[in-house]
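*Asks:* Position 132 of the sequence shown, counting from 1, maps to 133 under the UniProt record's numbering, and the rest follow consecutively.
All residues carry an ideal CB built from backbone N, CA and C; glycine is no exception.
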Amino acid sequence: TRTPVNVTVTGAAGQIGYALLFRIASGHLLGADVPVKLRLLEIPQGLKAAEGTAMELDDCAFPLLRGIDISDDPNVAFDGANVALLVGARPRTKGMERGDLLEANGGIFKPQGAAINAHAADDIKVLVVGNPANTNALIAQAAAPDVPRERFTAMTRLDHNRAVSQLAQKTGTPVSEIRKLTIWGNHSATQYPDIFHAEVAGKNAAEVVNDEKWLADTFIPTVAKRGAAIIEARGASSAASAANAAIDHVHTWVNGTAAGDWTSMGIPSDGSYGVPEGLISSFPVTTKDGKYEIVQGLEINDFSRERIDASVKELSEEREAVRGLGLI
Ligand code: NAX
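#1: Verify the CB distance criterion: does Tyr293 have a CB-CB separation below 8 Å to chain B?
#2: On the DSSP letters alone, give me the boundaries of the beta strand (DSSP E) that Ser242 sits inside.
#3: Strictly by DSSP, which residues pair up with Arg40?
#4: Examine the Cβ distances between the segment 274–285 and the segment 171–180 and report whether three or more of them are shorter than 8 Å.
#5: DSSP state of Leu21, grouped into three classes?
#6: Got a sec? Which residues, its chain only, sit under 6 Å from Gly47 by beta carbon, not counting five neighbours each side?
#7: Using C-beta distances below 7 Å, list every residue in its chain close to Phe197, excluding the 5 sequence neighbours before and after it, in chain order.
#8: Could you tell me which whole alpha helix (DSSP H) segments of length 4 or greater appear in the segment 150–179?
#9: Determine the burial state of Arg40: buried for a count of at least 16 other Cβ atoms within 10 Å of its Cβ, exposed for fewer.
#10: Give the straight-line distance between the Cα atoms of Met156 and Phe79, rounded to the nearest whole angstrom.
#11: Name the DSSP beta bridge partners of Trp185, please?
#12: Counting Cβ pairs closer than 8 Å, one from the segment 97–110 and one from the segment 131–138, do we hit at least three?
#13: Going by the DSSP bridge assignment, what does Asn205 pair with across the sheet?
#14: Asp119: which of Val127, Ile232, Val148, Pro133 sits nearest, CA to CA?
#15: Who does Lys126 pair with in a DSSP beta bridge?
#16: If I measure Cβ to Cβ from Thr191 and keep anything under 7 Å in the same chain, skipping five residues before and after, which residues do I get?
#17: Under 7 Å from any heavy atom of ligand 1, does the C-beta of Ile17 make it?
#18: What's the call for Asp160, buried or exposed, on a 16-neighbour Cβ count within 10 Å?
#19: Would you call the CB atoms of Glu104 and Leu326 closer than 8 Å?
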């Protein structure tokens, strides 16, 4: 029998945590044959609710779930972690400037990065979900100098999945026929969902759609502002879809992309496509054997270039801001 994989989840008592933990425990994160141990990290005020969730996890009698530990100490929660899902973050509250937001999150992601550095397993893979996800990932990475930098990733899979779904609806095609869509840049309103290399049932998506106005005025803003539209409709931010995307991100990273397809992940740039090295930016990637690679050689037209550059500029500014705050 396989040794259980230790999966640490922060913000476990939050709404994404609630949607996420049951799917991890039922085998959707790593595979139906991989036993897991859950490590839940919460702040002291969240511990009781996390215990309640753990009781419900027990009550599911998941055959793959081999234990649940709950802690408010990152040094305990990341001990031996193989996979870390950093979901808990400080949301922007009214009147908060961007600098305040980055500083508050620095207070969370810097110590968590340090705890990962000191205690996680050698094969640790980190996904940052908590916003601002890309820059929070950069902060955690900077605090973990002994962990290979490519192990720190940020979630743009929800944006990717949203874009796949919008394109499928526009073209009257099942989502299973959509391939090679890309989210570039930051997980923010500046992100750029790119269909110029995407395929709809094997045909070039931009040619199938053949409507640049729809692309610029409907598709891109719909995908980029979907989070706000969900809040407006549901009265709460995306939770189950965000949890689903976190599952997809890690599952794809560990188990590989399908032949003839790729996915989108926020990863440290190696300078590809003119994205400054080290920025955690979303790219088209293929994955195999637990490793990812940026898809190379895509032609970037002027329409795309302008939008990628705008989102990357925002990431550079966020990096400068956290540098100025001494967080990286
Ligand atoms: P909730 O407010 O429901 O839950 C957050 C939980 O994190 C709370 O239980 C809180 O006690 C806990 N927490 C806060 N600081 C912590 C710390 N230092 N250590 C451990 N736990 C801590 O938020 P939820 O709706 O679950 O969203 C979580 C994060 O995901 C937010 O930052 C949100 O902005 C972000 N999102 C990111 C998305 C993405 O695509 N990258 C999409 C969905 C979501 O908006």
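*Replies:* By the coordinates alone:
#1: Absent here is chain B; the protein component of the structure consists of one chain.
#2: First-last for Ser242: 241–256, but that is the alpha helix (DSSP H), not the beta strand (DSSP E).
#3: Thr9, Asp70
#4: no
#5: helix
#6: Ala14
#7: Ala207, Asn302, Ser305
#8: 158–172
#9: buried
#10: 19 Å
#11: Tyr193
#12: yes
#13: Glu200
#14: With the sequence shown as reference, residue 119 is identified as Ala, and Asp is not the correct amino acid for it. Selected option, being the one with the closest Cα: Val148.
#15: Val84
#16: Ala311, Ser312, Glu315
#17: yes
#18: buried
#19: yes
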